[in-house]
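Chemist: First to last, the protein sequences are chains A and B. Residues 861 to 1057 (the working numbering) are what the first sequence spells out, left to right. Residues 14 to 223 (the working numbering) are what the second sequence spells out, left to right.
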Amino acid sequence: MSAGGHHPAPASPVEQRVAALEALLTERGLVPEGFIEEITRRYESEIGPMNGAKVVARAWVDPQYKQRLLADGTAAIAELGFGGPEGDHMVIVENTPGVHNVIVCTLCSCYPWPVLGLPPAWYKDPPYRARMVREPRTLLAEMGCPLPEDAEIRVWDSSAEVRYLVLPERPPGTEGITEAELAGLVTRDSMIGTARL
Amino acid sequence: MLVDGIHDLGGRQGFGEVSYSPAEPAFRRRWEAVARALLVVVAGTVKASGGEFRHSIERMEPGHYLTSSYYEHWLTAAATLAVEHGLVTRSELEARAGGRFPLSGPVLAPPVVEAGPDVDTPRFGAGDRVRVREWHPAGHTRCPGYVRGKNGTVVRVDGIHSVPDVEAHGPGRRREPTYSVRFDAADLWRDGQRGVWVHVDLWDSYLERS
């Protein structure tokens, strides 16, 4: 309830439907106390691209870790304490000067939750899902990631159980900085493959 | 006529620009977080498999699917599974919501009665040429339409996993290897583009030797 006499905005039809289902399931004792708040808090504060950024930074500074990461992504990510639903079968795809990787899910919205969090709205919407497998060079340029004509593009459609993470190239001029500072440079989109660093 | 689901979007034209934003909150509105949590509650209560869960979204009316957001898909799936498994009724939902409560359409595929034996040994290895079967199932599948009938090359053999086409339609389970298969985009779209490879992860029974 809002305090101080403010009038809350009237609920939209979809909000009314959510409230209806929540009330009926709660009355039947199916929604554990605090469950909605807890699951929301986890995805708002604990699980997100800051986790993937730590994985990338570690791979940049530790060649042996990078080797393990490319050989068995799930195990190497678990070394840093990350794992869970939608992260049980991780494959890491590495960008190089001539090869650019990008991930998509044309059938729904599969995404590596433990390292990137929940997918952004545009990743789940039809334009990205329809176009990234058909005209990736055009779409990447449109999204602010133009690639040289001769760069090879590898698109990964997450259609089964594997979830992908792009290992971006380490930006030039970052030799002297710490692993934590490197992690601060890694963006969500560089790990989806819609941006370069 | 049976057609493939509206969710199978790879390669469809006419959608226009991606409404891209560099950052956004996990949930833009509280109802999104609640809808997401309620689907976890319902799927757990009715013990829905991943295939059944995904199919409950894919069965949405196509116009509704394309014009509603991701979390409205989750809400519709949660309510559909709750009604189909007898947790609530549609009339209760509509009475509480004070209006229409659209649910997903019915399952069109017959139940899978006999799941068949597991496939424990991969039929293909990295480097093998394969062709994707061309078929149009009435039920759930994870074989995107845009690669059916196309030739590709296996680049990776993954683990043995439950076949979604089976688990979505009954209690039986069949497990098969999955493969990452590489397709030349120019071959998929016949448009002459160069240097673009599209990789799709496919279950063993989706493939035949090329």
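The C-beta atom is built at its ideal place from N, Cα and C for all residues, glycine as well.
Counting C-beta neighbours from all protein chains within 10 Å, is the total for B:H174 16 or more, i.e. buried, or is it exposed?
Modeler: Along the second sequence, one-based indexing puts residue 174 of chain B at 161. By the neighbour-count rule (16 or more Cβ atoms within 10 Å), B:H174 is buried.
Chemist: For B:W210, write down the residues that DSSP places opposite it in a beta bridge.
Modeler: Residue numbering aside, residue 210 of chain B sits at position 197 when the second sequence is read from its first letter. DSSP lists A:R1014, B:D197 as partners of B:W210.
Chemist: Put B:G23 into one of helix, strand or coil per three-state DSSP.
Modeler: For the purposes of this step, residue 23 of chain B is taken as residue 10 along the second sequence, with counting starting at 1. B:G23: coil per DSSP, three-state reduction.
Chemist: I'd like the list of long-range same chain contacts for B:P150, defined as Cβ closer than 7 Å, with 5 residues on each side in sequence excluded.
Modeler: Your numbering for residue 150 of chain B matches position 137 in the second sequence. Hits under 7 Å: A122, D178.
Chemist: Verify the CB distance criterion: does A:M861 have a CB-CB separation below 8 Å to chain B?
Modeler: Reading the first sequence from its first residue, position 1 is the one you call residue 861 of chain A. Because the pLDDT of A:M861 is 42, which lies under 50, any placement of that residue in the model is unreliable, and the number read from its coordinates should be weighed accordingly. No, A:M861 does not count as interfacial toward chain B.
Chemist: Looking at chain B, is there any beta carbon in it that lies within less than 8 Å of the beta carbon of A:D932?
Modeler: Position 72 of the first sequence, counted from the start, is the residue given in the question as residue 932 of chain A. No, no contact with chain B.
Chemist: Are B:G111 and B:R187 closer than 8 Å when you measure CB to CB?
Modeler: Along the second sequence, one-based indexing puts residue 111 of chain B at 98. Along the second sequence, one-based indexing puts residue 187 of chain B at 174. Contact flag unset, no.
Chemist: Is there at least one Cβ from chain B nearer than 8 Å to A:S1050's Cβ?
Modeler: Walking along the first sequence from the start, residue 1050 of chain A turns up at place 190. So no, A:S1050 is outside the interface.
Chemist: When you check each C-beta in the segment 101-123 of chain B against every C-beta of chain A, which residues fall closer than 7 Å?
Modeler: Cβ contacts with chain A come from V101, E105, L106, R109, A110, G111, G112, F114.
Chemist: Output the distance between the C-alpha atoms of A:G912 and A:D922, rounded to the nearest integer angstrom.
Modeler: To locate residue 912 of chain A, count along the first sequence from 1; it is residue 52. To locate residue 922 of chain A, count along the first sequence from 1; it is residue 62. Distance between the alpha carbons of A:G912 and A:D922 is about 15 Å.
Chemist: How big is the Cα-Cα spacing for A:L940 and A:L1025?
Modeler: Residue numbering aside, residue 940 of chain A sits at position 80 when the first sequence is read from its first letter. Residue numbering aside, residue 1025 of chain A sits at position 165 when the first sequence is read from its first letter. Whole-angstrom Cα-Cα distance: 15 Å.
Chemist: Along the chain, where does the alpha helix (DSSP H) that runs through B:D171 open and close?
Modeler: Stepping through the second sequence from its first residue, residue 171 of chain B is reached at position 158. Not the alpha helix (DSSP H): B:D171 falls in the beta strand (DSSP E), residues 164-175.
Chemist: Using a beta-carbon distance below 8 Å, is B:V211 in contact with chain A?
Modeler: Within the second sequence, numbered from 1, the residue matching residue 211 of chain B stands at position 198. By this cut-off, B:V211 is an interface position.
Chemist: Since I believe B:A48 is in contact with B:A95 (beta carbons under 8 Å), could you give me their beta-carbon distance rounded to a whole number of angstroms?
Modeler: Stepping through the second sequence from its first residue, residue 95 of chain B is reached at position 82. Stepping through the second sequence from its first residue, residue 48 of chain B is reached at position 35. With a Cβ gap of about 12 Å, B:A95 and B:A48 do not count as contacting.
Chemist: If I follow the unbroken alpha helix (DSSP H) through A:N911, where does it start and stop?
Modeler: Taking the first residue of the first sequence as 1, we reach residue 911 of chain A at position 51. Run containing A:N911: 909-921, per the alpha helix (DSSP H) assignment.
Chemist: In the DSSP assignment, the beta strand (DSSP E) including A:M950 goes from what residue to what residue?
Modeler: Along the first sequence, read from residue 1 onward, the residue named residue 950 of chain A stands at position 90. Taken as a continuous stretch (DSSP letters only), the beta strand (DSSP E) holding A:M950 covers 950-954.
Chemist: Could you name the residues of the segment 961-984 of chain A whose beta carbon sits closer than 7 Å to any beta carbon of chain B, in the order they occur along the chain?
Modeler: So the close ones are T966, L967, C968, S969, G977, L978, P980, A981, W982, K984.
Chemist: Please decide whether A:V1015 counts as near chain B, where near means a Cβ-Cβ distance under 8 Å.
Modeler: Taking the first residue of the first sequence as position 1, residue 1015 of chain A is located at position 155. Yes - at least one Cβ of chain B is within 8 Å of the one on A:V1015.
Chemist: From which residue to which residue does the beta strand (DSSP E) around A:R1023 run?
Modeler: Taking the first residue of the first sequence as position 1, residue 1023 of chain A is located at position 163. 1023-1027 is the span of the beta strand (DSSP E), which, as asked, contains A:R1023.
Chemist: Anything in the segment 868-887 of chain A with a Cβ closer than 9 Å to a Cβ of chain B? List those residues in chain order, please.
Modeler: Correct list: A871, S872, P873, V874, E875, Q876, R877, V878, A879, A880, L881, E882, A883, L884, L885.
Chemist: Inspect the beta-carbon positions of B:F196 and A:A990 and report whether they are closer than 8 Å.
Modeler: As a working note, residue 196 of chain B is residue 183 in the second sequence. As a working note, residue 990 of chain A is residue 130 in the first sequence. Their beta carbons are not under 8 Å apart, which means B:F196 does not touch A:A990 by this criterion.
Chemist: Residues in its own chain within less than 7 Å of A:R997 by CB, not counting five upstream and five downstream?
Modeler: As a working mapping, residue 997 of chain A is identified with position 137 in the first sequence. Within the same chain, A:R997 has close Cβ partners L1007, I1013.
Chemist: Taking 8 Å as the CB-CB limit, is B:R72 close to chain A?
Modeler: Within the second sequence, numbered from 1, the residue matching residue 72 of chain B stands at position 59. It does not; no Cβ of chain A falls within 8 Å.
Chemist: Name, going along the chain, the residues of the segment 16-32 of chain B whose beta-carbon falls closer than 8 Å to a beta-carbon of chain A.
Modeler: So the list reads H20, D21, L22, G23, G24, R25, Q26, F28, G29, E30, V31, S32, given in the order they occur along the chain.
Chemist: Can you tell me which of B:V55, B:V176, B:F40 puts its alpha carbon nearest to the alpha carbon of A:R902?
Modeler: Counting from 1 along the first sequence, the entry for residue 902 of chain A is found at position 42. Considering only alpha carbons, the answer is B:F40.
Chemist: What whole-angstrom Cβ distance do B:T89 and B:M73 have, given they're in contact under 8 Å?
Modeler: The count along the second sequence starts at 1 and reaches residue 89 of chain B at position 76. The count along the second sequence starts at 1 and reaches residue 73 of chain B at position 60. That pair is a contact at about 6 Å.
Chemist: Under 8 Å Cβ to Cβ from B:G185, same chain only, skipping five residues before and after it: list those, please.
Modeler: Position 172 of the second sequence, counting from 1, holds the residue named residue 185 of chain B. Answer for B:G185: V125, V126, E127, A128, V179, listed in chain order.
Chemist: May I ask you to list, following chain order, the residues of the segment 983-999 of chain A that have a beta carbon less than 8 Å from some beta carbon of chain E?
Modeler: As a matter of chain content, chain E is missing from the structure shown, whose protein chains are A and B.
Chemist: Is it buried or exposed for B:W148, if we count other Cβ within 10 angstroms and need 16 for buried?
Modeler: Within the second sequence, the letter at position 135 stands for residue 148 of chain B. Burial call: exposed.
Chemist: Which whole-angstrom value describes the C-beta separation of B:Y83 and A:A880, a residue pair presumed to lie in contact below a C-beta threshold of 8 Å?
Modeler: Within the second sequence, numbered from 1, the residue matching residue 83 of chain B stands at position 70. Within the first sequence, numbered from 1, the residue matching residue 880 of chain A stands at position 20. In fact, because the Cβ distance is near 20 Å, the residues do not count as touching under 8 Å.
Chemist: Have a look at the DSSP bridge pairing and note the partners of B:Y192.
Modeler: By 1-based counting over the second sequence, the position of residue 192 of chain B is 179. Looking at the DSSP assignment, B:Y192 forms a beta bridge with B:V170, B:L215.
Chemist: If the cut is a Cβ gap below 7 Å, which residues of chain B does A:V891 touch?
Modeler: For the purposes of this step, residue 891 of chain A is taken as residue 31 along the first sequence, with counting starting at 1. The answer, in chain order, is V54.
Chemist: Please tell me whether B:G172 has its Cβ less than 8 Å away from any Cβ of chain A.
Modeler: Position 159 of the second sequence, counted from the start, is the residue given in the question as residue 172 of chain B. So yes, B:G172 belongs to the interface.
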